[in-house]
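In UniProt numbering, the protein residues as written are 1 to 380.
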């Protein structure tokens with residue numbers, strides 16, 4: 001699916017009203033050019049504080065020598081955040097009219113007039129494709145998967161970055177934009193793998209994002225959403241890349257050209273193969289599967305952390321040494337009624353978890369199969 005884009009509106013496709021909220025100023029100088037940009041700053045900051053999503057709106061004026069180029073309005077916008085208030089759900093072509101109507105209304109708030117038809121005709125300068133995969137319990141949580149795949153022998157030649165923002169250790173990191181992620185990047189493209197719920201936890205300032213954050217804190221959401229995102233940074237590179245995949249397409253690209261599930265699926269699968277195609281290591285051992293299921297069970301149990309730690313120890317002992325041996329250990333280390341209580345709790349967990357059988361799964365094979373399915377998360 002398409003996540004974020006930069007849309008360019010040409011003169012005639014928009015009107016800046018005399019009273020507007022483009023109050024930010026920025027100047028960028030190169031060897032032969034100067035770009036003076038106006039952007040919406042204070043109003044966007046206010047909307048963020050109020051729990052609303054708001055796009056980045058910029059009006060750059062480029063001067064090269066004595067020549068001043070026509071102004072082009074640039075809108076950096078997340079399609080799912082505009083429609084749903086967060087970026088967990090995917091956007092499809094049927095959502096295009098809803099998105100355009102909402103974006104027209106947002107622009108009107110800051111004194112910019114345009115139409116739905118002009119938004120549809122807007123030229124894409126950048127596009128980000130993505131896929132969010134929900135992980136089964138036996139593979140563990142998104143952060144565990146990211147830690148596991150960060151050590152693989154990657155094929156791509158690019159800068160590599162592993163980042164972890166932990167909101168409970170440093171308040172400053174609580175507001176980190178991306179949470180836990182692996183990122184590959186070069187001058188024209190970027191590929192990132194995110195712990196999606198952690199990203200929302202770290203950066204979910206909208207009202208809808210705060211609702212997800214609250215569910216996460218209450219233990220009603222598992223940390224099981226893994227986001228893969230591929231970005232085409234520059235217009236020329238983006239167009240060359242997309243023309244190789246869209247037969248007969250010339251000229252500029254618009255939203256209608258890229259809101260194509262088949263196109264997004266092909267791109268995300270090919271990029272995944274480019275990075276992980278030669279990765280031979282990806283096996284999740286039976287022991288890891290049992291551990292992951294136990295983590296998930298205890299995490300959703302509502303028990304205190306101390307109780308979870310104690311049960312984790314005993315269940316692992318039972319898995320390793322057998323139930324009979326553990327009962328003897330419980331009798332030795334516990335007293336009175338706590339012996340029967342502990343035996344009952346351990347037995348319930350062992351029954352709940354059951355036994356894992358079958359072939360050892362391959363993490364990369366699972367992720368590849370999910371890319372092929374390309375199931376987009378939609379509101380119910």
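Idealized CB from N, CA, C, for every residue including glycine. This one's a predicted model, so the numbers in the text were calculated from it and none came from an experiment.
Should residue i go down as buried or exposed, given a rule of 16 or more other Cβ atoms within 10 Å for buried?
i, result
"residue 226", "buried"
"residue 250", "exposed"
"residue 195", "buried"
"residue 313", "exposed"
"residue 332", "exposed"
"residue 144", "buried"
"residue 125", "buried"
"residue 247", "exposed"
"residue 80", "buried"
"residue 3", "buried"
"residue 26", "exposed"
"residue 87", "buried"
"residue 371", "buried"
"residue 207", "exposed"
"residue 240", "exposed"
"residue 336", "exposed"
"residue 44", "buried"
"residue 38", "buried"
"residue 328", "exposed"
"residue 342", "buried"
"residue 203", "buried"
"residue 199", "buried"
"residue 11", "exposed"
"residue 78", "buried"
"residue 50", "exposed"
"residue 273", "exposed"
"residue 229", "buried"
"residue 74", "buried"
What do you reckon, are the CB atoms on residue i and residue j nearer than 9 angstroms?
i, j, result
"residue 392", "residue 111", "Any question about residue 392 goes unanswered here, given that the chain covers just 1 to 380."
"residue 181", "residue 271", "no"
"residue 252", "residue 57", "no"
"residue 54", "residue 264", "no"
"residue 95", "residue 83", "yes"
"residue 119", "residue 104", "yes"
"residue 276", "residue 215", "no"
"residue 127", "residue 232", "yes"
"residue 131", "residue 238", "no"
"residue 101", "residue 116", "yes"
"residue 201", "residue 220", "no"
"residue 374", "residue 261", "yes"
"residue 224", "residue 142", "yes"
"residue 114", "residue 8", "no"
"residue 382", "residue 36", "Since the first residue of the chain shown is 1 and the last is 380, residue 382 is not available in this structure."
"residue 243", "residue 299", "no"
"residue 72", "residue 255", "no"
"residue 364", "residue 89", "no"
Who does residue i pair with in a DSSP beta bridge?
i, result
"residue 130", "229"
"residue 25", "38"
"residue 16", "112"
"residue 124", "7"
"residue 61", "36"
"residue 56", "76"
Helix or strand or just coil, what does DSSP make of residue i?
i, result
"residue 190", "strand"
"residue 212", "helix"
"residue 333", "helix"
"residue 252", "coil"
"residue 280", "At residue 280, the pLDDT of 45 sits below 50, so the modelled position is not reliable; the number obtained from the coordinates is stated separately. Residue 280: coil per DSSP, three-state reduction."
"residue 247", "coil"
"residue 144", "helix"
"residue 369", "helix"
"residue 119", "helix"
"residue 10", "coil"
"residue 206", "coil"
"residue 224", "coil"
"residue 2", "strand"
"residue 49", "helix"
"residue 219", "coil"
"residue 378", "coil"
"residue 135", "coil"
Using only the heavy atoms of the ligand ZN, determine whether one of them is closer than 8 angstroms to the beta carbon of residue i.
i, result
"residue 190", "Absent from the structure shown: the ligand ZN. Ligands present: none."
Taking 9 angstroms as the CB-CB limit, is residue i close to chain E?
i, result
"residue 378", "Absent here is chain E; the protein component of the structure consists of one chain."
Quick one: complete alpha helix (DSSP H) runs, 4+ long, within the stretch 65-113?
79-84, 96-109
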